[in-house]
Amino acid sequence: MMASEALKSSFDVVKVGGNFVKIDHIKAEETCEKHGIQKEINPITGKFLCMACVKEEVQADYKRKINGAAIRITRDMLGWYDREKKKAHGRSAYFIDEEKSLLNTFDNFNPNWTNPELEKKIGQQAWELAHEYLEKDEDGFLKEFNSFIFGPPGTGKSHLSMAIARFLSDQEKPQGCLFINTNTLYDRIKASWKDDKLMTEDEILQLIKKADLVVLDDLGSESNLQATRDNEASNYFMKLLFRILNAQPRIIITTNEPWAKIQDLYGGPNSKIVDRLSRGLKGHVISTKGIDSKRRFQGGK
């Protein structure tokens with residue numbers, strides 16, 4: 028059947044990353060071998076297309092762009108890094124392992140309230156820390172110091188650090204914040220070694236250098252260091268971490284480990300990495316110990 032003989036034309040709408048793409052098409056006689064449905068004729072290109080295949084390709088392309096850039100972007104923050112690599116101050120980007128983390132704010136910090144007094148205290152400490160990251164030194168520059176949020180898994184560390192980043196991004200003079208899950212970052216950099224379309228280590232370090240604040244989430248976790256200690260992967264991660272710490276003077280560290288264990292993992296109290304991690308930590312340490320794990324209440328580990 029020729030396109031002119033088709034019974035009717037129609038259109039389909041494909042949802043891609045929160046946006047809707049309209050695809051016009053005309054019914055054709057051919058069927059798709061994969062999906063077993065009738066193909067349609069694109070009125071612009073004249074190509075015979077299976078709309079199920081088109082949807083899969085569009086969705087896959089979207090995922091490639093998002094995963095390839097190693098960035099998760101909220102619609103209200105738009106994305107801090109553009110493809111021309113021009114600085115857009117006040118935008119924020121996220122290297123995370125769960126997109127739902129982007130929803131974390133101070134308003135919805137709600138651990139389990141099995142110990143309300145402690146949980147409110149910890150939330151208030153994080154709120155005060157966020158405001159301190161707004162302060163400037165005597166020369167008019169943002170104060171430079173690191174922070175350390177530690178405690179058992181599932182006690183709100185990542186939530187609070189993301190809440191701080193979003194708070195700073197939402198100011199009248201917004202700060203560009205970079206939220207980095209260390210597992211995700213390491214995996215994405217490894218992937219870039221085999222795919223030149225992905226962001227490279229140097230490009231990521233440029234992001235880190237330009238940001239006003241960086242969150243290093245889940246530092247010291249087994250999957251990125253302990254399980255690979257004393258081998259090539261561990262040495263690489265150590266060098267990467269050192270470059271990150273040299274590039275950025277305002278870092279929030281979240282970890283399951285106490286400070287003594289972090290010192291041990293990264294070469295001892297006198298190592299260069301520990302020296303840089305500890306810059307300005309005095310008065311900027313928050314412990315979530317004593318909060319019941321939210322994952323336990325949700326049936327997780």
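Residue numbers (this note's numbering): 28 to 328.
From the three backbone atoms N, C-alpha and C, an ideal C-beta is built for every residue, glycine too.
Nothing here was measured: the structure is a model prediction, and the numbers come from that model.
Per DSSP, which one or two residues make a beta bridge with Ile176? Thr281 and Ile313
Determine which residues share a DSSP beta bridge with Thr58 and list them. BP columns for Thr58 point to Gln65.
Given a cut-off of 8 Å, decide if Asp239 and Phe206 are closer than it, judged by their beta-carbon atoms. no
One or two residues paired with Leu267 in a DSSP bridge: According to DSSP, which records beta bridges pairwise, Leu267 is partnered with nothing at all.
Does the Cβ-Cβ distance between Phe184 and Ile176 come in under 8 Å? According to the sequence provided, residue 184 is Lys. The question's Phe does not apply to it. Result yes, Cβ atoms of Lys184 and Ile176 sit closer than 8 Å.
State the start and end residues of the unbroken alpha helix (DSSP H) segment that holds Gln152. Pro143 to Glu159
Going straight from the alpha carbon of Lys49 to that of Ser219, what length do you get? With a pLDDT of only 44 at Lys49, under the threshold of 50, the placement of this residue in the model should not be trusted; the figure read from the coordinates follows. Answer to the nearest angstrom: the Cα atoms are 32 Å apart.
Between Leu232 and Ile271, what straight-line distance do the alpha-carbon atoms span, to the nearest angstrom? A straight-line Cα-Cα distance of about 7 Å links Leu232 and Ile271.
In chain order, what residues of the same chain have a beta carbon less than 6 Å from the beta carbon of Lys236, not counting five sequence neighbours either side? Ala274
Which value, in whole angstroms, describes the spacing of the CA atoms of Leu212 and Asp229? 13 Å
Exposure of Ile64, with buried meaning 16 or more beta-carbon neighbours within 10 Å: With fewer than 16 Cβ atoms within 10 Å of its Cβ, Ile64 is classed as exposed.
C-alpha distance - Lys170 paired with Leu292, whole-angstrom precision: 28 Å
Give every residue of the same chain whose Cβ lies closer than 8 Å to the Cβ of Gln152, excluding the five residues on either side of it in the sequence, and list them in chain order. Ile313
Roughly how many angstroms separate the alpha carbons of Ile278 and Leu156, rounded to a whole number? Each residue's Cα considered, the two are about 12 Å apart.
Can you tell me whether Leu232 is helix, strand or coil according to DSSP? Here Leu232 sits in helix by DSSP.
Cutoff 8 Å; reference Pro285; Cβ partners in own chain excluding five residues on either side: Excluding residues within five positions, the ones whose Cβ falls inside 8 Å are Phe177.
Leaving aside the five residues before and after Thr132 along the sequence, list all residues of the same chain whose C-beta is less than 6 Å from its C-beta, in chain order. Ala190 and Arg193
Look at the alpha carbon of Leu195 and the alpha carbon of Tyr160, and state the distance between them as a whole number of angstroms. 8 Å
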